Every structure is written in C-alpha cells, then in structure tokens.
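Novice:
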Amino acid sequence: MENNFVYPPPQHFKENALVKDDTLYRRAAADRLNFWAEMAEGLDWFKKWDKVLDESDAPYYRWFVGGKLNVSYNCLDRHVNSFRRNKAAVIFEAEDGSNVTLTYYQLFREVNRFAAVMQQMGVQKGDRVVIYMPMVPEAVMAMLACTRIGAIHSVVFSGFSTEALYKRINDLGAKLLVTVDGATRRGKFIPLKENAQQAIEACGCIEKILVVRRLGNIVQMQPGRDYWYHELVGQVPLYCSPAEMDAEDPLFLLYSSGTTGTPKGILHTTAGYLVGVYTTYRYVFDYHEEDIFWSTSDIGWITGQSYIVYGPLANGATIVIFEGTPDYPQRDRFWEIIEKYGVTVFYTAPTAISTFMQWGTAWVKKHDLSSLRLLGSVGEPIKPDTWLWFYEHIGQKRCPIVDTWWQTETGMIMISPLPGITALKPGSATLPFPGVEVQIVDDQGRPLPDNEAGHMVITSPWPAMLRTLYNDPERYEKAYWKQFPGCFYSGDGARRDEDGYIWILGRLDDVINVSGHRLSTAEIEGALVRHTGVAEAAVIGRAHEIKNQAVAAFVTLKEGVLGTEELREELKNLVVKEIGAIARPDDIYFTAELPKTRSGKIMRRLLRDIAEGRALGDTSTLLDAEVIANIKKSYEGEG
Ligand code: PRX
Numbered sequence: 003m004e005n006n007f008v009y010p011p012p013q014h015f016k017e018n019a020l021v022k023d024d025t026l027y028r029r030a031a032a033d034r035l036n037f038w039a040e041m042a043e044g045l046d047w048f049k050k051w052d053k054v055l056d057e058s059d060a061p062y063y064r065w066f067v068g069g070k071l072n073v074s075y076n077c078l079d080r081h082v083n084s085f086r087r088n089k090a091a092v093i094f095e096a097e098d099g100s101n102v103t104l105t106y107y108q109l110f111r112e113v114n115r116f117a118a119v120m121q122q123m124g125v126q127k128g129d130r131v132v133i134y135m136p137m138v139p140e141a142v143m144a145m146l147a148c149t150r151i152g153a154i155h156s157v158v159f160s161g162f163s164t165e166a167l168y169k170r171i172n173d174l175g176a177k178l179l180v181t182v183d184g185a186t187r188r189g190k191f192i193p194l195k196e197n198a199q200q201a202i203e204a205c206g207c208i209e210k211i212l213v214v215r216r217l218g219n220i221v222q223m224q225p226g227r228d229y230w231y232h233e234l235v236g237q238v239p240l241y242c243s244p245a246e247m248d249a250e251d252p253l254f255l256l257y258s259s260g261t262t263g264t265p266k267g268i269l270h271t272t273a274g275y276l277v278g279v280y281t282t283y284r285y286v287f288d289y290h291e292e293d294i295f296w297s298t299s300d301i302g303w304i305t306g307q308s309y310i311v312y313g314p315l316a317n318g319a320t321i322v323i324f325e326g327t328p329d330y331p332q333r334d335r336f337w338e339i340i341e342k343y344g345v346t347v348f349y350t351a352p353t354a355i356s357t358f359m360q361w362g363t364a365w366v367k368k369h370d371l372s373s374l375r376l377l378g379s380v381g382e383p384i385k386p387d388t389w390l391w392f393y394e395h396i397g398q399k400r401c402p403i404v405d406t407w408w409q410t411e412t413g414m415i416m417i418s419p420l421p422g423i424t425a426l427k428p429g430s431a432t433l434p435f436p437g438v439e440v441q442i443v444d445d446q447g448r449p450l451p452d453n454e455a456g457h458m459v460i461t462s463p464w465p466a467m468l469r470t471l472y473n474d475p476e477r478y479e480k481a482y483w484k485q486f487p488g489c490f491y492s493g494d495g496a497r498r499d500e501d502g503y504i505w506i507l508g509r510l511d512d513v514i515n516v517s518g519h520r521l522s523t524a525e526i527e528g529a530l531v532r533h534t535g536v537a538e539a540a541v542i543g544r545a546h547e548i549k550n551q552a553v554a555a556f557v558t559l560k561e562g563v564l565g566t567e568e569l570r571e572e573l574k575n576l577v578v579k580e581i582g583a584i585a586r587p588d589d590i591y592f593t594a595e596l597p598k599t600r601s602g603k604i605m606r607r608l609l610r611d612i613a614e615g616r617a618l619g620d621t622s623t624l625l626d627a628e629v630i631a632n633i634k635k636s637y638e639g640e641g
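Below, the structure is given as structure tokens:
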C-alpha cells in the first residue's frame with residue numbers, strides 16, 4: 003500500500019476553493035460543539051435549538067435539542083424563495099437516453115402534491131413508508147414528501163429480492179408502500195409492482211400501495227389497496243404545508259447488513275442528520291453554485307440518501323439522477339452523461355473504476371470530460387493503482403480525488419480530504435472531517451502508535467450518527483458501544499501514518515464488501531441452509547481484483563446428497579432469490595466438514611486463507627486440524 007507520491011491541490015483548484023486554509027479544522031478543534039452549531043446556522047429553523055448536544059442518556063445521543071425544522075422545507079421551500087427558484091434541481095437521464103430537468107420550483111410543486119397524495123391516503127406523522135423504486139425522480143419526490151409530512155421513509159434497493167423486501171417491511175410494520183409498475187435494467191423488464199405485491203401479501207401490515215406509472219405495463223390493481231399515483235395527484239391541493247418536526251424526530255430508516263442474519267434497521271433523525279450531510283456535502287465536494295453533481299450510487303444505499311438527495315438539495319445544488327448502468331447500451335455511458343450535462347463533480351465507487359480500467363481508455367477518450375473539476379470515491383478501500391488511473395484518465399490530472407470513508411451508521415462522510423487544502427496520498431482517505439474524532443486502538447481499546455494497524459473507533463458523537471437500531475436497542479448498544487466503552491465501533495481496521503493520514507484496511511468483522519455493497523456472511527449462510535440438502539454453510543469474502551471481495555461459500559451436505567454442478571447452481575440461485583443478485587456466490591465449495599474452534603465457532607479466517615490460496619494462518623485453536631487439510635485438498639481439487 004505504501005506510496006511515496008503526494009498530490010497537493012492544483013493551484014487553479016486551490017484559488018477557487020471554498021476552503022482555502024485550515025480555519026475549519028481549527029474552529030472545530032477549539033470548540034467542537036460550537037463548530038457544529040455554526041454549521042447548523044446554515045439551515046432554516048422554525049425554532050432554534052436550546053442545546054447542541056445532550057449526552058445524558060448515552061449512547062442515545064440527542065443533537066440540537068429543542069430545535070424545530072422540516073427537511074423538505076430546507077431542501078425546497080427556502081430555495082424556491084431565493085434566486086434558486088428556477089435553477090435546475092434534478093437532471094434525470096433515463097435508461098433509454100431520454101431526459102427531464104426539474105427546476106427547484108418544479109420539484110417543490112411535485113413534492114407538495116406527492117405529500118398531499120400520501121396524506122389523503124391516510125399517512126400520518128411517524129408512519130413508516132417503504133419506497134421500492136428504481137432510480138427515477140419520483141423516488142426522490144417520495145422521500146422528500148415523507149419528510150414534508152413527518153412520515154419515516156425506508157428505501158429498499160430495487161435490486162433486492164421479494165424475500166429481502168418482505169423481511170424489511172415486516173420489521174418496520176410499514177403502512178404504505180410506494181413503487182412503480184415496472185422498471186428496466188439493461189433493457190430487460192422487471193415487474194416491480196408484482197414483486198412488491200408478493201412481499202406485502204406475506205406481511206400483512208401494508209394497508210395501501212401507491213403505484214407510479216413508469217413503463218405503462220399492465221398491472222393488476224386491487225381496489226381499496228392499490229392506487230395509481232397519476233389518478234390521485236389531480237385531486238389534491240398544490241400546496242401541503244411542511245410539518246414542524248422536532249430535531250430528534252425520526253427521519254428515515256435504512257437497512258444494512260450486520261454480523262448476524264437479520265439486517266439492521268439503522269435509524270437517522272431529523273436535525274443532526276441534515277446538519278451533517280449539509281455541511282459535509284458543502285466542504286468535501288467544494289460546493290459551487292454552478293456545479294452539476296453526479297453520484298452514481300442508488301438511492302437504496304446511504305450514499306444515495308445523503309449525497310444524491312439530502313446533502314446536495316439542502317445546499318441548493320443541481321444533481322444528476324441516472325436510471326441505468328455503465329455498460330448499457332455501451333461501455334461509455336458514464337462518460338457520455340458527463341459530456342452531455344457538463345458534470346463538474348463525479349462521485350463513484352472503486353469497483354466501478356476498476357471495471358472501467360478493465361474496459362480500457364478508448365471508451366473514455368471518445369468523450370469530452372473537460373467539465374470535471376473534482377472526483378470522489380466511496381464504499382471500499384481504493385487501491386493506489388485504481389486511484390492513479392482515475393486521476394489520470396478521468397480527472398486528466400486536473401481534478402483532486404476525495405476518497406471518503408463513512409458508513410450507513412455514520413450518515414455523513416467522516417474521513418476525507420478537503421480538496422482545496424489536503425495533499426492527497428493515493429489509497430488513503432486522509433483526515434477526519436472537522437469536528438470528527440477518530441482513533442486507532444488495539445483489542446483492549448488502547449490507542450496504537452503511528453503505522454500500527456488496529457480497530458478504528460470514533461471517540462466522540464457527531465450530528466449525523468445513527469440514533470438506534472429500529473426495534474432493537476440492545477443490538478444497537480452491543481454492536482457499536484460495548485466493544486470499546488464510550489467509543490463508536492466502526493468494524494473497520496485502519497492505521498494512521500506519521501502525517502496523521504488514515505489508511506482503511508477493511509472490515510474486521512463478518513461483514514463483507516462486494517462492489518461497495520455491504521453483505522452479511524450470516525445472512526448468506528442463512529439462505530444456503532434453507533436448501534434441504536445443506537447441513538451447514540460458512541461464507542467468507544475473498545479478495546477480488548474488481549469487486550474488492552467476492553462471496554465464497556463452503557458448504558457441507560446432508561448424508562447421501564451429492565455435490566453436483568446442478569446443486570451448485572441451485573444454491574447460487576437460492577441466494578439470489580433470498581437476498582438479491584448482489585449476494586450471488588462466485589464460488590461454492592462442497593466439503594465434508596467445516597473448520598471450527600473448540601467452542602464451535604467457524605474459523606472464517608482459515609477459509610479465507612484457503613480461498614485466497616495463502617499459507618494457513620494460526621491453527622492452534624482449531625479443533626480438528628485434519629478438517630482443514632481435507633478442505634484444502636477438495637479446494638485444490640476443484641481448482
Ligand atoms: O468497510 C467500510 C467501507 O464500507 C463500509 C460501510 O458500508 P455501508 O454502510 O454500506 O456504506 C457504504 C457507503 C458509505 C465501511 O465500514 N468503506 C466505505 N467507504 C470507504 C470504505 N472503505 C475504505 N475506504 C472508503 N472510502
């Protein structure tokens with residue numbers, strides 16, 4: 003990982019940057035809470051807060067106590083009442099290349115009516131609304147509409163399977179589901195409403211489905227339960243007044259994988275979250291009024307929530323929303339979009355960049371990327387050679403790269419360069435954002451000296467932090483606050499170098515990261531053991547050139563069941579059905595036994611060593627050394 007090159011901000015960038023010196027760091031270091039209070043002044047409040055942070059019930063921290071505000075008001079109304087009224091808010095590029103631009107005024111109108119429709123359907127403050135939609139502007143409208151009336155949204159990635167959707171709806175006890183008739187992916191039709199319907203019929207809590215017409219395909223509508231958005235929208239008022247929300251009212255829930263088979267419902271609340279994403283969007287992406295900002299994430303992930311929707315819109319930025327994929331119809335789709343709209347800031351994931359590297363620069367060279375001025379990376383550690391390719395071929399050596407480390411739990415970017423002042427080291431996320439405090443500690447929680455790898459913890463609360471896990475405060479405390487008391491446990495390993503730069507090493511727990519998507523090994527194992535022929539399964543993430551990690555499963559079969567090629571396919575398909583295509587295992591190894599410790603824990607580390615073809619690590623706690631030898635043999639046999 004060591005790289006001796008350092009990239010200071012280019013002079014032209016520095017001259018025009020929003021942050022030109024270390025004032026923000028100094029202000030935050032002098033008085034962290036006052037710093038966040040100053041940042042909060044950038045939002046519009048119905049009532050100012052009484053206290054910045056209340057720690058009396060830690061780890062249930064409360065921010066901007068007593069403050070009242072509305073998120074959609076901050077993302078829309080205040081811009082409509084300013085010179086931004088006719089500025090583009092959303093540029094939407096559909097998969098088929100057609101496009102729509104919505105000004106702040108138009109988006110404001112649409113969100114008001116969307117909110118009024120939801121209200122008319124009986125949605126009230128505090129109700130949970132599940133949004134299961136592709137990347138279309140209506141998905142953003144649905145989110146903002148929820149915030150307008152105080153409903154709590156939970157966006158479920160539209161690539162998740164019916165079963166995965168079912169699990170989430172059930173945990174939430176959601177009342178309304180918003181979806182579309184159908185979606186397309188690489189030209190292929192996906193019956194989203196039909197998939198969603200199967201999930202809700204199994205749940206029982208959803209009272210109504212609101213269907214946005216996207217493709218015009220025929221769908222079965224159940225009277226009294228299913229409603230077409232376009233039929234209701236003509237009957238509601240044009241204006242829906244924004245609810246006065248308490249700073250700590252829940253804003254949204256987003257499910258993310260943890261170390262067990264049940265996904266965690268991560269809860270974010272109103273004021274702290276908005277202050278966090280508003281501030282980090284502004285300074286990390288060096289916000290300029292004329293920017294066209296494109297984050298290639300999906301709104302089903304936290305990157306989409308924070309840096310497609312809330313961070314940019316709270317600042318009055320122009321965002322690009324793209325429905326499709328980078329290789330459809332051709333492998334230059336992203337570069338075509340950058341050229342078409344003059345994208346200035348481009349935020350994507352290392353997996354995507356590695357894929358582009360593999361596709362070759364000819365695709366890139368076909369397009370004019372001169373509008374770009376800043377690049378960003380998120381989701382996985384970026385390898386120095388990937389960083390350099392991004393820098394040279396996409397940024398054309400003109401654009402700084404902000405490598406941003408954060409999580410669904412943190413809500414906002416936590417470690418990142420400030421592009422006008424931070425000298426970049428390829429592969430390092432560089433420094434904690436002002437007001438964020440990070441430490442690298444050993445297993446006992448003792449701070450480690452420079453360059454020693456350990457657990458990365460966050461030592462003080464930050465505004466956009468998760469507040470709890472929905473319906474499971476015990477798990478919230480255990481997963482994040484018990485390991486190192488008083489500190490937030492990130493689950494990531496890291497080291498800090500002699501310049502204070504942080505190098506993220508990846509997850510230290512049983513969470514794996516495939517193409518920037520977080521997956522739980524336990525959840526995939528749970529899917530595999532549903533097969534009647536499977537006795538036991540152990541899943542690991544093995545290193546993968548493009549995807550960061552690939553899913554590898556070691557499976558033991560019940561007596562008499564044969565490990566055939568057909569069964570292997572069947573198991574892979576079962577995982578897709580239970581979770582979604584992103585969890586599909588690359589490798590399935592049939593093995594007579596799994597390596598376990600004396601206490602019965604599966605030794606995943608050893609399986610990783612085998613799958614990555616390394617010499618075996620410490621096997622001293624292994625119950626039966628022969629098991630490993632056998633697995634190794636069968637693995638080598640299968641090549
Ligand atoms: O392991 C880290 C990795 O992604 C995890 C968080 O995943 P998720 O909650 O899905 O959010 C992803 C988008 C914010 C982290 O625990 N990760 C995220 N960003 C980086 C990263 N690893 C290295 N470098 C990053 N910049």
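Its first residue numbered 3, the sequence shown is counted upward by one per residue in the numbering used here.
We put the CB at the ideal spot given by N, CA and C, even for glycine.
Only a predicted model underlies this, so the values are computations on that prediction, with no experimental measurement involved.
Less than 7 Å between the CB of P428 and some heavy atom of ligand 1, yes or no?
Specialist: Result no, Cβ not under 7 Å from ligand 1.
Novice: Between W365 and ligand 1, is there a pair consisting of the residue's CB and a ligand heavy atom that are separated by less than 7 Å?
Specialist: No, the Cβ of W365 stays beyond 7 Å of every heavy atom of ligand 1.
Novice: Return yes when the Cβ of L371 is within less than 8 Å of the Cβ of I339, no when it is not.
Specialist: No. Outside cutoff.
Novice: Please state the DSSP three-state secondary structure of G313.
Specialist: Note: G313 maps to helix in three-state DSSP.
Novice: Using only Cβ atoms and a threshold of 7 Å, which residues come within that distance of a heavy atom of ligand 1? Order them by chain position.
Specialist: Listed along the chain, these residues meet the criterion: S258, W303, I304, T305, S379, V380, G381, E382, P383, I384, D405, T406, W407, W408, Q409, T410, E411, A431, S492, G493, D494, I506, G508, R509, N515, G518, H519 and R520.
Novice: CA-CA distance, F348 and F336?
Specialist: Distance between the alpha carbons of F348 and F336: 10 Å.
Novice: Between the region 269 to 281 and the region 106 to 117, can you find at least three pairs of beta-carbon atoms closer than 8 Å?
Specialist: Too few Cβ pairs lie closer than 8 Å, so no.
Novice: Determine contact between the region 230 to 243 and the region 156 to 166, defined as no fewer than three beta-carbon pairs at a distance below 8 Å.
Specialist: The region 230 to 243, when compared against the region 156 to 166, does not touch it at the 8 Å Cβ threshold.
Novice: Give a yes or no on whether the C-beta atoms belonging to F324 and M145 are separated by under 8 Å.
Specialist: Taking 8 Å as the Cβ cut-off, F324 and M145 do not qualify as a contacting pair.
Novice: Identify, in the order they occur along the chain, each residue of the same chain with its Cβ nearer than 6 Å to the Cβ of V214, setting aside the five sequence neighbours on each side.
Specialist: Closer than 6 Å at the Cβ level, and outside the excluded window around V214, lie E140, V182 and Y231.
Novice: Can you find the residues in the same chain that come closer than 6 Å, C-beta to C-beta, to R477, ignoring five residues on each side of it along the sequence?
Specialist: These residues qualify, in order along the chain: L471.
Novice: Identify, in the order they occur along the chain, each residue of the same chain with its Cβ nearer than 7 Å to the Cβ of P421, setting aside the five sequence neighbours on each side.
Specialist: Around P421: P11, F15, A19, D288, L376, P402 and V404.
Novice: From S160 to P434, what distance separates their C-alpha atoms?
Specialist: Each residue's Cα considered, the two are about 32 Å apart.
Novice: For A455, name the three-state secondary structure that DSSP assigns.
Specialist: It is coil, neither helix nor strand.
Novice: What are the partner residues of F486, as DSSP defines its beta bridges?
Specialist: In DSSP, F486 forms no bridge with anything.
Novice: Could you give the DSSP three-state label for P252: helix, strand or coil?
Specialist: Strand.
Novice: Is it the case that the Cβ atoms of L276 and L569 are separated by a distance below 8 Å?
Specialist: Not in contact: L276 and L569 (Cβ atoms no closer than 8 Å).
Novice: Would a C-beta distance cut-off of 8 Å place N515 and A316 closer than the cut-off?
Specialist: Their beta carbons are not under 8 Å apart, which means N515 does not touch A316 by this criterion.
Novice: Under the rule that 16 or more other beta-carbon atoms within 10 Å means buried, what is G274, buried or exposed?
Specialist: Buried: at least 16 other Cβ atoms inside 10 Å.
Novice: Under the DSSP definition of a beta bridge, which residues are partnered with Y591?
Specialist: Paired residues: F556.
Novice: Please identify the residue among E525, K560, A364 and V322 whose C-alpha is closest to the C-alpha of K579.
Specialist: Of the listed residues, the one whose Cα sits closest to K579 is E525.
Novice: With G267 as the anchor, note down where its beta strand (DSSP E) starts and where it stops.
Specialist: K266 to T271 is the span of the beta strand (DSSP E), which, as asked, contains G267.
Novice: Does the count of Cβ pairs from the region 501 to 515 and the region 557 to 575 closer than 8 Å reach three?
Specialist: Verdict: no, contact absent.
Novice: The beta strand (DSSP E) spanning N473 covers which residue range?
Specialist: Careful: N473 lies outside any beta strand (DSSP E) and carries neither H nor E.
Novice: What residues in its chain sit with their C-beta under 6 Å from that of V102, if we drop five residues either side in the sequence?
Specialist: F94, listed in sequence order.
Novice: Short of 6 Å in beta carbon distance, which residues of its chain neighbour G306, apart from the five on each side in sequence? Order them along the chain.
Specialist: Same-chain partners within the cutoff: S299 and D300.
Novice: Return the Cβ separation of F581 and L608 in integer angstroms, given the expectation that the two are a contact with Cβ distance under 8 Å.
Specialist: It should be noted that the sequence gives Ile, not Phe, for residue 581. Not a contact, Cβ separation roughly 25 Å.
Novice: Relative to the C-alpha of G128, which residue among L269, I202 and S379 is closest?
Specialist: Residue L269 is the option with its Cα nearest to G128.
Novice: Taking C-alpha atoms, which residue in F358, V536 and W483 lies nearest to A60?
Specialist: Here the closest residue by C-alpha is W483.
Novice: Give me the residue from L179, S601 and M223 with the minimum Cα distance to C205.
Specialist: Ranking the options by Cα distance to C205, first place goes to L179.
Novice: Would you mind working out which of I548, S259 and H533 sits nearest R509, comparing C-alpha positions?
Specialist: Per the Cα distances, S259.
Novice: In terms of alpha-carbon separation, which member of L256, K53 and F295 lies closest to A90?
Specialist: Ranking L256, K53 and F295 by Cα distance to A90 puts F295 first.
Novice: At 3 residues or longer, what runs of the beta strand (DSSP E) sit wholly inside the region 279 to 347?
Specialist: Listed in chain order, the complete beta strand (DSSP E) runs (minimum 3 residues) inside the region 279 to 347 are 294 to 297 and 320 to 324.
Novice: So, do the region 63 to 71 and the region 233 to 253 have three or more beta carbon pairs nearer to each other than 8 Å?
Specialist: Touching, yes, given that three or more Cβ pairs across the two stretches are closer than 8 Å.
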